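K.L.:
Counting with this note's numbering, you get residues 1487 to 1666 for the letters of the sequence shown.
Heads up, the beta-carbon is just placed ideally off N, CA and C, and yes, glycines get one too.
As the structure is a computational prediction, the values presented were derived from the model and not from experiment.
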Amino acid sequence: MAEVQARDSAGSVGTLSVQLQVQDINDHSPEFSATSYSGQIQENTISGVSVLALTATDKDGPQWDVLEYGIVYEDKMGDVAQEYFRMVSQTISGQTVGVLETRKPIDRELFSSLEFDVYVRDKGGRIGITSVDLEILDVLDSPPIFDPDFFNMAVPFDAPVGYKVGRIRAVDPDICEWNN
Ligand SMILES: [Ca+2]
Ligand SMILES: [Ca+2]
Ligand SMILES: [Ca+2]
């Protein structure tokens, strides 16, 4: 509340009360709670599974509050990340969090990890960025590939039982702990 006074030439004073209201403008960009996030997901996981929850806050009031989260597809491995994952905005106890969830199954033998950026945007279009490092965990899903060079092995006609024909070499695309 403020008072404005005016005096006319005869000296009489008039007073007017003016109500002042401070208007909230969008002068802060939303910020993620962490400068980077890391997570893991098993390869071949079906669509719709939550991988990570990212939180962001905005110092401006509700009018300018956080609106949406998304994957930055122009940078790093963002184009690949966007193919396999998506960001979904969810309101959890009054706060809008960004949940990274699977979009379609990913093959670890194609991508063993993904590095990409995620944005958060407020209602005025100001954005905050954070980076995500996602490890794709291996499952035993690749049949061994036999090396064709080792296939042409001759067995003598009169070979005794237990005769050693040769060794077969196989290459397995899954990682070591599965390979024996
Ligand atoms: Ca803001
Ligand atoms: Ca695979
Ligand atoms: Ca595998």
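(1) Considering only their Cβ atoms, is the gap separating Glu-1587 from Val-1535 smaller than 8 Å?
(2) Quick one: is Ser-1632 buried, meaning 16 or more other Cβ sit within 10 Å of its Cβ, or exposed?
(3) Skipping 5 residues on each side, what residues in its chain have a beta carbon closer than 6 Å to that of Gly-1500?
(4) Can you grab the Cα-Cα spacing for the pair Phe-1533 / Val-1574, in whole Å?
(5) Beta carbon of Val-1606, beta carbon of Ile-1613: below 8 Å?
(6) Take every Cβ of the region 1511-1529, pair it with every Cβ of the region 1541-1554, and state whether three or more of those distances are shorter than 8 Å.
(7) Got a sec, what are the start and stop residues for the alpha helix (DSSP H) Asp-1603 sits in?
(8) Specify the secondary structure class of Gln-1576 as computed by DSSP and reduced to three states.
(9) How many Å lie between Ile-1578 and Ser-1617 at the Cα?
(10) So the candidates are Phe-1643, Pro-1629 and Tyr-1649; which of them puts its Cα closest to the Cα of Ala-1656?
(11) Compare the Cα-Cα distances from Gly-1525 to each of Ile-1654, Ser-1599 and Asp-1660 and report the closest residue.
(12) Quick check: what's the CA-CA separation for Asp-1494 versus Ser-1503?
(13) Between the alpha carbons of Arg-1572 and Gly-1611, how many angstroms are there, rounded?
(14) Please tell me whether Val-1583 and Thr-1531 are closer than 8 Å, where the distance is taken between their beta carbons.
(15) Run through DSSP, which three-state label would Asp-1565 get?
(16) With DSSP as the reference, identify every bridge partner of Arg-1493, one or two as the case may be.
(17) Express the C-alpha separation of Arg-1653 and Ile-1592 in angstroms, rounding to a whole number.
(18) Using DSSP with H/G/I as helix, E/B as strand and the rest coil, what is Gln-1507?
P.N.:
Walking through what the data contain:
(1) Taking the first residue of the sequence shown as 1, we reach residue 1535 at position 49. Taking the first residue of the sequence shown as 1, we reach residue 1587 at position 101. Yes. Within cutoff.
(2) As a first step, residue 1632 is located in the sequence shown; it is residue number 146 there, counting from the start. Reading off the sequence shown, one finds Phe at residue 1632, where the question assumed Ser. Classification for Phe-1632: exposed.
(3) Sequence index remark: in the sequence shown, residue 1500 carries index 14 (1-based). The residues are Ala-1492.
(4) Residue 1533 sits at position 47 when you count from the first residue of the sequence shown. Residue 1574 sits at position 88 when you count from the first residue of the sequence shown. For the sequence presented, residue 1533 should be read as Ser rather than Phe. Cα to Cα, Ser-1533 sits roughly 13 Å from Val-1574.
(5) Translated into the one-based positions of the sequence shown, residue 1606 becomes position 120. Translated into the one-based positions of the sequence shown, residue 1613 becomes position 127. Yes, the Cβ-Cβ distance between Val-1606 and Ile-1613 is below 8 Å.
(6) In this structure the region 1511-1529 lies against the region 1541-1554, because at least three pairs of beta carbons, one per stretch, are closer than 8 Å.
(7) Here residue 1603 refers to the residue found at position 117 when the sequence shown is read from its first residue. Careful: Asp-1603 lies outside any alpha helix (DSSP H), inside the beta strand (DSSP E) at 1599-1608.
(8) The residue labelled residue 1576 in the question sits at position 90 within the sequence shown. Here Gln-1576 sits in strand by DSSP.
(9) As a first step, residue 1578 is located in the sequence shown; it is residue number 92 there, counting from the start. As a first step, residue 1617 is located in the sequence shown; it is residue number 131 there, counting from the start. About 22 Å.
(10) Here the question's residue 1656 lines up with position 170 in the sequence shown. Residue Pro-1629 is the option with its Cα nearest to Ala-1656.
(11) As a first step, residue 1525 must be located in the sequence shown, where it is residue number 39. Ranking the options by Cα distance to Gly-1525, first place goes to Ser-1599.
(12) Here residue 1494 refers to the residue found at position 8 of the sequence shown. Here residue 1503 refers to the residue found at position 17 of the sequence shown. Cα to Cα, Asp-1494 sits roughly 18 Å from Ser-1503.
(13) The residue you call residue 1572 lines up with position 86 of the sequence shown. The residue you call residue 1611 lines up with position 125 of the sequence shown. The alpha-carbon atoms of Arg-1572 and Gly-1611 are separated by roughly 20 Å.
(14) What you label residue 1583 is simply residue 97 of the sequence shown in a count that begins at 1. What you label residue 1531 is simply residue 45 of the sequence shown in a count that begins at 1. The answer is no: Cβ separation not under 8 Å.
(15) Counted from its first residue, the sequence shown places residue 1565 at position 79. Correct three-state label for Asp-1565: helix.
(16) Here residue 1493 corresponds to residue number 7 of the sequence shown, with the count starting at 1. Val-1499.
(17) For the purposes of this step, residue 1592 is identified with residue 106 of the sequence shown, where counting begins at 1. For the purposes of this step, residue 1653 is identified with residue 167 of the sequence shown, where counting begins at 1. Approximately 34 Å between the Cα atoms of the pair.
(18) In the sequence shown, residue 1507 corresponds to position 21, counting from 1. Looking at Gln-1507 - three-state DSSP - the assignment turns out to be coil, as it is neither helix nor strand.
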